[in-house]
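One structure is given here, and the rest of the page talks about it.
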Amino acid sequence: MAGNLGSTVAPVSSSLSRLQALNGLFAVYKKQGPTSADVLNALKEALLKEAGVQNPNPRKRRKQSLKMGHGGTLDSAASGVLVVGVGNGTKMLSTMLTGSKKYVAVGELGKATDTLDATGSVILEKDFEHITRPDVEAKLKAFTGDIMQVPPLYSALKKDGQRLSVLLKKGHKVEAKPARPVTVYNLTLLEFKPPLFTLDIECGGGFYVRSLVDDLGKALSSCAHVKELTRTKQGQFTLQEHALHEEQWTLEHILQSLQCCSEGELEPEPPEAET
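Anchor point for the sequence shown: position 266 equals 266 in the UniProt record's numbering, and the numbering is continuous, going up by one each time.
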């Protein structure tokens, strides 16, 4: 009996030790629906189960032996690349928050929503038949380079320790945050089929695609909201080459894709932020 017990316990202990020894960054695919925190918890739970941990609860941080974080919130309605730091790699996530990101966004002209995306309620409708492809391309120039942008009310930004989006859902009145400087490196109109249009965006940290589309709609003497949003690149991680899908959330797949970090590269851990 003792021999059988030892043979079952040893692999579990070995798998957990390998998991706890991970240090670095990798990327996973976030589908539409769950929050970024939900995705991180599901990832941790899958890895802990694989390592033989019984009834893992990824939300109990103090009791959990796996240190993991993500480098910038994706809205629940958005999909794409979510960079994950594990072990000492969590200290490198600040570079993900401030670094370059790429998105493909589908906007819809003629309707504005309270959340600036398709999850919200329509609060305004305007004509859009006057808008042409050259009109959109001309207006995009004003949103390229170093610009000032007002973040959405429904966001991960906080007031008195609570997210603005949570305060709004509780019925509290929330004032818009002041405009802040952001950088747009490239902004291209990929497709124009009114009322829909598709943008390819490369931007820096702190930028909100929802605010861009809302501002663009106003600049075109109409209104608009984000219908679909996909993050295609974050830092060195791309959607096609690096993002692990749910069936690949295993220790071996992570070991194959993990980008390790040395002590010299480590930076202070940032607070969670949305970009």
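Cβ coordinates follow ideal geometry from the N, Cα and C atoms, glycine included.
Remember, predicted model here, so these are calculated numbers, not experimental data.
Under three-state DSSP, which class holds F197? Note: F197 maps to strand in three-state DSSP.
Secondary structure of L258, DSSP reduced to three states: Coil, per DSSP.
Mind listing, in chain order, the continuous beta strand (DSSP E) runs of no fewer than 3 residues lying wholly within the region 68–106? Listed in chain order, they are 68–70 and 79–86.
Reference Y154, options G120, K233 and R133, closest by Cα: Of G120, K233 and R133, the residue nearest in Cα terms is G120.
Taking the straight line between their C-alpha atoms, what separation do you get for L124 and L220? Cα to Cα, L124 sits roughly 15 Å from L220.
Can you grab the Cα-Cα spacing for the pair G69 / N88, in whole Å? Rounded to whole angstroms, G69 to N88 spans 10 Å at the Cα level.
So is S17 buried or exposed if we call it buried at 16+ other beta carbons inside 10 Å? S17 is exposed by the Cβ-count criterion.
Taking its Cβ as the centre, do 16 or more other Cβ atoms sit within 10 Å of C260, making it buried, or is it exposed? Around the beta carbon of C260, fewer than 16 other beta carbons sit within 10 angstroms, so the residue counts as exposed.
Grab the span of the beta strand (DSSP E) containing V122 for me, first residue to last. Run containing V122: V122 to E125, per the beta strand (DSSP E) assignment.
Looking only at its chain, what residues have a beta carbon closer than 6 Å to the beta carbon of residue 283, apart from the 5 residues adjacent to it on each side? Nothing in the structure corresponds to residue 283, since the chain is present only between 1 and 275.
Identify, in the order they occur along the chain, each residue of the same chain with its Cβ nearer than 6 Å to the Cβ of R62, setting aside the five sequence neighbours on each side. Residue placement at R62 is flagged as unreliable, the pLDDT there being 49, under the threshold of 50; a coordinate-derived value is accordingly withheld.
Tell me whether the beta-carbon of F197 lies closer than 8 Å to the beta-carbon of L189. Against a cut-off of 8 Å, the Cβ pair of L189 and F197 comes out as a contact.
Rounded to whole angstroms, what is the Cα-Cα separation between K111 and L251? Distance between the alpha carbons of K111 and L251 is about 45 Å.
Please list the terminal residues of the continuous alpha helix (DSSP H) segment that includes G217. Counting along the chain, the alpha helix (DSSP H) containing G217 begins and ends at V209 to A219.
Can you give the Cα-Cα distance for A21 and E246, rounded to whole angstroms? Straight-line Cα distance between these residues: approximately 22 Å.
In the DSSP assignment, find the beta strand (DSSP E) that holds L229 and state where it starts and stops. A224 to Q234 is the extent of the beta strand (DSSP E) around L229.
Alpha carbon to alpha carbon, how far is R133 from E191? Give it in angstroms, no decimals. Using only the alpha carbons, I get a separation of about 9 Å.
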